[in-house]
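>
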Amino acid sequence: MIQFYNVSKIYKNKVPALLDVTLRIKKGEFLFLVGPSGAGKSTLIKLIYREEVPSRGQVMFNGKNITRFSSGEVSRLRRKIGMVFQDFRLLPNKTVAENIAFALEVTGASRENIRQAVPLTLAKVGLAKKIDQYPAKLSGGEQQRVVIARAIINNPVLIIADEPTGNLDPDTSGEIMKLFQNINRSGTTIIMSTHAWDIVDRMKHRVIRLKNGKVEGDEDSGVYNLAT
Amino acid sequence: MIQFYNVSKIYKNKVPALLDVTLRIKKGEFLFLVGPSGAGKSTLIKLIYREEVPSRGQVMFNGKNITRFSSGEVSRLRRKIGMVFQDFRLLPNKTVAENIAFALEVTGASRENIRQAVPLTLAKVGLAKKIDQYPAKLSGGEQQRVVIARAIINNPVLIIADEPTGNLDPDTSGEIMKLFQNINRSGTTIIMSTHAWDIVDRMKHRVIRLKNGKVEGDEDSGVYNLAT
Amino acid sequence: MKIAGCTTLLLNTMFYACREAAISMVRNFWMNIVVVFVIIVSLVILGGAILVVLNADYFASSLESDVEISVFLKPDLDQNTVLEIGERIKDTPGLLEVEYISKERALEQMKASFGERAGILKNLEQNPLPDAYRIKVKDVNQIAALAQSFEKFPGVDKVRYGQGLLEQLLLVTYWVRLLSMALVIALGLAAVFLIAATIRMSVLTRQNEIGIMKLMGATNWYIRVPFFIEGVMLGLIGAITAVAVVSWGYMELLQRLEVAVPFINLVPETAVLTSVLVVLLGLGVLIGATGSLISIHRFLRV
Amino acid sequence: MKIAGCTTLLLNTMFYACREAAISMVRNFWMNIVVVFVIIVSLVILGGAILVVLNADYFASSLESDVEISVFLKPDLDQNTVLEIGERIKDTPGLLEVEYISKERALEQMKASFGERAGILKNLEQNPLPDAYRIKVKDVNQIAALAQSFEKFPGVDKVRYGQGLLEQLLLVTYWVRLLSMALVIALGLAAVFLIAATIRMSVLTRQNEIGIMKLMGATNWYIRVPFFIEGVMLGLIGAITAVAVVSWGYMELLQRLEVAVPFINLVPETAVLTSVLVVLLGLGVLIGATGSLISIHRFLRV
Ligand SMILES: Nc1ncnc2c1ncn2[C@@H]1O[C@H](COP(=O)(O)OP(=O)(O)OP(=O)(O)O)[C@@H](O)[C@H]1O
Ligand SMILES: Nc1ncnc2c1ncn2[C@@H]1O[C@H](COP(=O)(O)OP(=O)(O)OP(=O)(O)O)[C@@H](O)[C@H]1O
Ligand SMILES: [Mg+2]
Ligand SMILES: [Mg+2]
Numbered sequence: 001m002i003q004f005y006n007v008s009k010i011y012k013n014k015v016p017a018l019l020d021v022t023l024r025i026k027k028g029e030f031l032f033l034v035g036p037s038g039a040g041k042s043t044l045i046k047l048i049y050r051e052e053v054p055s056r057g058q059v060m061f062n063g064k065n066i067t068r069f070s071s072g073e074v075s076r077l078r079r080k081i082g083m084v085f086q087d088f089r090l091l092p093n094k095t096v097a098e099n100i101a102f103a104l105e106v107t108g109a110s111r112e113n114i115r116q117a118v119p120l121t122l123a124k125v126g127l128a129k130k131i132d133q134y135p136a137k138l139s140g141g142e143q144q145r146v147v148i149a150r151a152i153i154n155n156p157v158l159i160i161a162d163e164p165t166g167n168l169d170p171d172t173s174g175e176i177m178k179l180f181q182n183i184n185r186s187g188t189t190i191i192m193s194t195h196a197w198d199i200v201d202r203m204k205h206r207v208i209r210l211k212n213g214k215v216e217g218d219e220d221s222g223v224y225n226l227a228t
Numbered sequence: 001m002i003q004f005y006n007v008s009k010i011y012k013n014k015v016p017a018l019l020d021v022t023l024r025i026k027k028g029e030f031l032f033l034v035g036p037s038g039a040g041k042s043t044l045i046k047l048i049y050r051e052e053v054p055s056r057g058q059v060m061f062n063g064k065n066i067t068r069f070s071s072g073e074v075s076r077l078r079r080k081i082g083m084v085f086q087d088f089r090l091l092p093n094k095t096v097a098e099n100i101a102f103a104l105e106v107t108g109a110s111r112e113n114i115r116q117a118v119p120l121t122l123a124k125v126g127l128a129k130k131i132d133q134y135p136a137k138l139s140g141g142e143q144q145r146v147v148i149a150r151a152i153i154n155n156p157v158l159i160i161a162d163e164p165t166g167n168l169d170p171d172t173s174g175e176i177m178k179l180f181q182n183i184n185r186s187g188t189t190i191i192m193s194t195h196a197w198d199i200v201d202r203m204k205h206r207v208i209r210l211k212n213g214k215v216e217g218d219e220d221s222g223v224y225n226l227a228t
Numbered sequence: 001m002k003i004a005g006c007t008t009l010l011l012n013t014m015f016y017a018c019r020e021a022a023i024s025m026v027r028n029f030w031m032n033i034v035v036v037f038v039i040i041v042s043l044v045i046l047g048g049a050i051l052v053v054l055n056a057d058y059f060a061s062s063l064e065s066d067v068e069i070s071v072f073l074k075p076d077l078d079q080n081t082v083l084e085i086g087e088r089i090k091d092t093p094g095l096l097e098v099e100y101i102s103k104e105r106a107l108e109q110m111k112a113s114f115g116e117r118a119g120i121l122k123n124l125e126q127n128p129l130p131d132a133y134r135i136k137v138k139d140v141n142q143i144a145a146l147a148q149s150f151e152k153f154p155g156v157d158k159v160r161y162g163q164g165l166l167e168q169l170l171l172v173t174y175w176v177r178l179l180s181m182a183l184v185i186a187l188g189l190a191a192v193f194l195i196a197a198t199i200r201m202s203v204l205t206r207q208n209e210i211g212i213m214k215l216m217g218a219t220n221w222y223i224r225v226p227f228f229i230e231g232v233m234l235g236l237i238g239a240i241t242a243v244a245v246v247s248w249g250y251m252e253l254l255q256r257l258e259v260a261v262p263f264i265n266l267v268p269e270t271a272v273l274t275s276v277l278v279v280l281l282g283l284g285v286l287i288g289a290t291g292s293l294i295s296i297h298r299f300l301r302v
Numbered sequence: 001m002k003i004a005g006c007t008t009l010l011l012n013t014m015f016y017a018c019r020e021a022a023i024s025m026v027r028n029f030w031m032n033i034v035v036v037f038v039i040i041v042s043l044v045i046l047g048g049a050i051l052v053v054l055n056a057d058y059f060a061s062s063l064e065s066d067v068e069i070s071v072f073l074k075p076d077l078d079q080n081t082v083l084e085i086g087e088r089i090k091d092t093p094g095l096l097e098v099e100y101i102s103k104e105r106a107l108e109q110m111k112a113s114f115g116e117r118a119g120i121l122k123n124l125e126q127n128p129l130p131d132a133y134r135i136k137v138k139d140v141n142q143i144a145a146l147a148q149s150f151e152k153f154p155g156v157d158k159v160r161y162g163q164g165l166l167e168q169l170l171l172v173t174y175w176v177r178l179l180s181m182a183l184v185i186a187l188g189l190a191a192v193f194l195i196a197a198t199i200r201m202s203v204l205t206r207q208n209e210i211g212i213m214k215l216m217g218a219t220n221w222y223i224r225v226p227f228f229i230e231g232v233m234l235g236l237i238g239a240i241t242a243v244a245v246v247s248w249g250y251m252e253l254l255q256r257l258e259v260a261v262p263f264i265n266l267v268p269e270t271a272v273l274t275s276v277l278v279v280l281l282g283l284g285v286l287i288g289a290t291g292s293l294i295s296i297h298r299f300l301r302v
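Chains as they are written, first to last, in the working numbering: chain F, 1 to 228; chain S, 1 to 228; chain G, 1 to 302; chain C, 1 to 302.
#1: Report all residues from its chain with a CB closer than 7 Å to the CB of Pro130 (chain C); omit the five preceding and five following residues, and keep chain order.
#2: Have a look at F:Asn65, F:Ile183, F:Ile153, F:Asp169 and flag the residue whose alpha-carbon is nearest the alpha-carbon of Asn225 (chain S).
#3: So with Cβ pairs under 8 Å, would you call Glu20 (chain G) a contact of chain F?
#4: Distance, Cα to Cα, Lys64 (chain S) vs Ser186 (chain S)?
#5: Just the C-alpha distance for Ile285 (chain S) and Lys46 (chain S), rounded to the nearest angstrom, thanks.
#6: What three-state label does DSSP hand Val229 (chain F) in the structure shown?
#7: Rounded to whole angstroms, what is the Cα-Cα separation between Asp87 (chain F) and Pro156 (chain S)?
#8: When you check each C-beta in the region 164–195 of chain S against every C-beta of chain F, which residues fall closer than 7 Å?
#9: To the nearest angstrom, report how far apart Gly282 (chain C) and Ser202 (chain G) are at their CA atoms.
#10: When the Cα atoms are used, what is the spatial distance from Val229 (chain S) to Asn12 (chain C)?
#11: Of all the alpha helix (DSSP H) runs that stay within the bounds of the region 70–155 of chain S, which reach a length of 4 or more residues?
#12: Apart from the five residues just before and just after Tyr11 (chain F), which ones in its own chain have a Cβ nearer than 7 Å to its Cβ?
#13: Hey, is Ser42 (chain F)'s beta-carbon within less than 8 Å of any beta-carbon in chain G?
#14: Just to confirm my understanding: we take Tyr58 (chain C), look at its own chain, exclude 5 residues before and 5 after, and list those with CB closer than 6 Å. What are they?
#15: How would you list, in chain order, the residues of chain G whose beta-carbon sits under 9 Å from the beta-carbon of Val207 (chain F)?
#16: Return the CA-CA distance between Arg105 (chain G) and Ala132 (chain G), expressed in angstroms with no decimal places.
#17: Say yes only if the C-beta of Lys41 (chain S) is nearer than 7 Å to one or more non-hydrogen atoms of ligand 5, and no if none qualify.
#18: Residues of chain G with CB under 7 Å from Val38 (chain C), in chain order?
#19: Using CA coordinates, which residue listed in S:Ile191, S:Gly28, S:Gln181, S:Arg24 is at the minimum distance from Lys41 (chain S)?
#20: Using a Cβ-Cβ distance cut-off of 8 Å, determine whether Met83 (chain F) contacts chain G.
Spelled out as structure tokens, the structure:
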């Protein structure tokens with residue numbers, strides 16, 4: 001589904017975030033992306049989502065080189081991907097329901113459709129009560145779960161989650177991981193960057209380990225591998 | 001140092017975030033605040049920092065009722081506290097150095113003083129290289145460490161950290177915890193809300209457990225107590 | 001099936017765009033007040049300038065229509081020669097009206113214009129005035145040339161026209177027109193610039209939101225249309241208010257002046273106001289559209 | 001020691017405030033362009049209005065100073081009575097100048113004013129004009145009352161003054177003044193309102209930042225002063241530009257009019273421009289300060 005060919009990303013301020021990364025992600029995979037702070041996990045994710053373009057190399061999605069996508073094609077690509085941003089990126093002037101609905105609205109879904117899907121998806125992340133709140137009135141963990149709900153609402157073919165459990169307590173994290181597991185079983189590819197070594201160790205999925213922008217390890221059913 | 005007397009906090013939209021909380025925190029303590037997402041941890045912290053005022057009850061800081069503080073007194077109170085916000089709250093238009101310097105500037109520190117302290121503090125959190133970057137150009141974990149640096153730069157008598165390791169990998173988390181431990185040894189009180197059960201279990205400090213806005217447990221050298 | 005889906009998508013999108021524009025306008029209420037205020041000021045000044053130009057033209061044309069050439073004939077010409085000269089004058093192209101004023105009529109007119117002091121003329125032994133032709137011309141700018149040609153006719157003594165005064169008045173109207181035109185153009189551009197700056201401000205304050213929307217897969221047009229609608233609406237609201245202000249102000253002015261200073265003649269309202277109304281409304285929408293398009297084009301690139 | 005510390009703190013704070021204001025102005029460059037533009041437009045219109053009022057006054061006073069009362073005496077009065085009447089007139093308070101015009105002089109003046117047509121007056125058997133006093137008054141508004149009192153003097157035949165025309169002119173200047181005053185007040189308020197709205201906008205776009213600063217322990221004044229400085233600076237920049245535009249425009253107008261329409265008299269530049277300059281600069285700063293204070297007061301509460 002996704003291929004990286006010798007991808008490097010050097011940001012404008014000369015920071016080398018990714019160096020010569022080559023990897024292949026197959027449809028239906030569940031993949032953990034681990035590595036120390038600043039290793040380049042978020043950068044790798046942004047390249048798939050076309051939030052950034054590589055400085056060198058190619059990123060392919062379903063056989064198409066997304067580096068060369070027009071603005072319209074980029075929009076279409078993003079509508080196929082459910083994204084959990086590390087920094088949430090909720091629309092501050094929209095309620096929880098409106099924020100989640102927006103992911104459906106851009107696909108042109110009917111209003112009837114939206115009205116049904118929104119409460120259902122919120123219930124899945126345990127936030128049915130907060131449907132009409134504004135993001136600023138939610139706790140950190142609640143905001144994070146809104147972002148997760150927004151990512152899964154339009155049944156994307158790929159979910160990319162950038163540290164989706166950073167603000168969640170272990171119990172709620174467990175719930176979310178179960179949800180992801182179920183979604184993955186129905187055929188959706190999931191890429192998840194995380195620092196939660198306990199989750200990685202427990203779930204035994206493919207683990208890609210980044211360090212200083214380089215792939216340091218890539219194992220099926222791997223573990224987090226603490227340095228200490 | 002801090003006393004809560006029958007404190008309740010009901011937000012404007014009728015959400016009861018804290019219910020009848022009474023507790024006492026002594027000078028020099030290292031205290032963990034744990035509990036599920038939405039339990040009221042951040043709310044409790046905001047009450048100490050006077051970001052919110054209690055709906056009922058009193059919060060005392062060094063024997064003074066901070067609920068009745070004038071705006072000038074609130075500013076002076078905040079300058080004594082080092083705060084790590086769960087949502088970072090970095091000034092987007094200032095560089096890392098300027099953001100950290102700001103915490104000293106408001107205290108009226110001399111520019112000479114500021115010029116010396118900033119790189120020193122950044123080095124402590126391992127971000128010496130990023131001194132002239134803008135926050136938007138940092139990874140999640142790097143931003144979190146900037147916030148930590150900002151909290152400790154003016155040697156506050158109290159550090160309140162709201163999930164300071166949510167975006168950090170286990171190794172970096174460990175470094176930060178060591179830093180907090182050292183600061184605590186030199187007499188600074190530390191209150192830290194967290195979901196990192198491994199850190200809580202390892203450090204064996206006082207643990208206050210919140211659930212649905214109520215104090216469910218308060219033990220010296222306690223553990224996280226996973227439900228599962 | 002596919003076309004129906006597209007229509008639904010389009011309808012949903014338009015519904016969304018209008019809702020977004022409305023929400024944005026309500027949310028940025030105070031900011032929009034400022035914008036609309038600026039548009040109103042611009043358009044009111046514009047409308048005022050148009051009215052000044054129209055009135056200056058009206059005034060100038062009323063002056064111009066009063067301007068005549070007087071051809072004084074030599075004394076003691078016989079009646080035939082006088083008529084002949086009259087025919088020759090009437091044959092000249094570019095004239096509006098030619099009137100014969102005998103010396104008797106000229107004296108009567110003079111007496112009438114002297115009013116109370118007419119007594120001075122009572123004791124005249126003989127009429128000292130000459131026979132004359134009074135000529136109105138079509139184009140005021142031709143007046144000097146025509147006067148010169150009449151001067152060469154045999155039997156003509158002197159030719160007079162309001163030389164100094166007319167030329168000066170023509171210059172004044174020329175300057176009024178020029179200044180007003182400059183003002184109108186400058187203000188129109190200023191208003192466009194202001195709308196552009198405002199929409200840009202509105203884009204900037206929502207930059208964060210726009211970025212997020214793009215990341216959610218919203219297309220460029222999906223994001224642009226609400227801003228466009230917002231700009232047009234702001235222009236329209238400003239224009240409608242400006243039209244109201246200008247209409248009311250001009251009608252009020254007309255009424256007051258009629259009572260207070262009846263000798264000043266303004267263009268009567270109905271004719272003028274409709275044209276000003278149409279111009280201002282059109283300009284308001286144009287300003288809004290152009291301004292928002294400029295900002296959208298410059299600041300909403302991918 | 002403590003005082004020295006306080007001074008350092010104050011200096012640091014002022015340094016910080018000016019730097020913040022400067023940064024904010026550079027950062028919101030386009031937004032500030034809009035604000036300054038609006039201030040410039042307001043102040044230029046204000047300056048224009050002031051100049052119009054000044055010129056209207058100047059014109060009115062030049063007219064007024066030409067307005068006189070003519071006291072015509074009965075025919076066949078002896079020289080003494082004529083002088084007596086002159087003395088009585090001169091004793092009346094509120095007069096500027098009293099001039100005796102004998103009927104002979106009046107005829108000469110009439111001949112002079114007739115110019116070419118003076119021939120009409122050549123054949124008069126006797127001088128039909130009366131002796132007269134020509135009187136200039138101090139206050140034009142007293143003219144009607146004075147004329148009435150002269151009418152009652154024995155030996156006086158008729159009293160004339162430019163009744164209709166003068167009254168109408170006074171009304172025109174009255175209206176010009178009233179309208180300009182209204183315009184000046186409205187525009188002044190509008191400019192304050194605009195600055196307030198702008199600073200409010202600036203506050204709103206930085207709301208996030210302000211909130212964070214407060215949480216860092218910044219006092220209210222620490223946060224307010226930069227906005228105040230920003231408002232005052234914007235007002236000042238606008239005022240300086242407006243002063244330049246008005247000065248340039250007026251000087252250009254003076255020059256062009258002098259060449260083109262020499263019969264129109266405008267107030268000469270230097271006297272006027274300095275006062276307008278001072279007024280506009282002061283107003284700009286006042287507008288900036290008031291506007292930012294309003295916004296700071298309303299939107300920067302704790
Ligand atoms: N927009 C940007 N401009 C410049 N440099 C950037 C930008 N984003 C990230 N970086 C830099 O690139 C490097 C990799 O960042 P990235 O966000 O990919 O790290 P990460 O692995 O996600 O870290 P974390 O676990 O802390 O989120 C870091 O050194 C960071 O400072
Ligand atoms: N500003 C606010 N207005 C209204 N409700 C709020 C506000 N902030 C928090 N809440 C609500 O109060 C409750 C407690 O929130 P709080 O932020 O204290 O939780 P928390 O323990 O910090 O959770 P987390 O671990 O997810 O950060 C939640 O239900 C939340 O939705
Ligand atoms: Mg990251
Ligand atoms: Mg919290």
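Ideal Cβ placement from N, Cα and C applies to all residues, glycine included. Quantities reported herein were computed from a predicted structural model and do not represent experimental measurements.
Reading off the structure:
#1: Excluding sequence neighbours, Pro130 (chain C) sits near Phe72, Leu73, Pro75, Lys103, Asp157.
#2: From the listed residues F:Asn65, F:Ile183, F:Ile153, F:Asp169, the smallest Cα separation to Asn225 (chain S) is found for F:Asp169.
#3: No - not a single Cβ of chain F is within 8 Å of the one on Glu20 (chain G).
#4: The straight-line gap from Cα to Cα measures roughly 24 Å.
#5: The structure shown has nothing for residue 285 (chain S), since chain S only spans 1 to 228.
#6: It is not possible to answer for residue 229 (chain F), since the shown part of chain F is limited to 1 through 228.
#7: Between Asp87 (chain F) and Pro156 (chain S), the C-alpha separation is close to 28 Å.
#8: Here the close residues are Gly166, Asn167, Leu168, Asp169, Pro170, Asp171, Thr172, Gly174, His195.
#9: One C-alpha to the other measures close to 31 Å.
#10: An answer regarding residue 229 (chain S) cannot be provided, because it is not within the stretch 1 to 228 covered by chain S.
#11: Within the region 70–155 of chain S, the complete alpha helix (DSSP H) segments at least 4 residues long are 71–80, 96–105, 111–124, 140–152, listed from N- to C-terminus.
#12: Result list for Tyr11 (chain F): Ala17, in chain order.
#13: False, the Cβ-Cβ gap to chain G never drops below 8 Å.
#14: Excluding residues up to 5 positions away in sequence, Val267 lie with their Cβ nearer than 6 Å to the Cβ of Tyr58 (chain C) in the same chain.
#15: Neighbours of Val207 (chain F) on chain G: none; closest Cβ ~26 Å, over 9 Å.
#16: Going from the Cα of Arg105 (chain G) to the Cα of Ala132 (chain G) covers about 10 Å.
#17: In terms of ligand content, the structure shown lacks ligand 5 and carries ligand 1, ligand 2, ligand 3 and ligand 4 instead.
#18: Simply Val38.
#19: Distances from the alpha-carbon of Lys41 (chain S) to those of S:Ile191, S:Gly28, S:Gln181, S:Arg24 put S:Ile191 closest.
#20: Taking Cβ atoms only, chain G reaches closer than 8 Å to Met83 (chain F), which makes this a yes.
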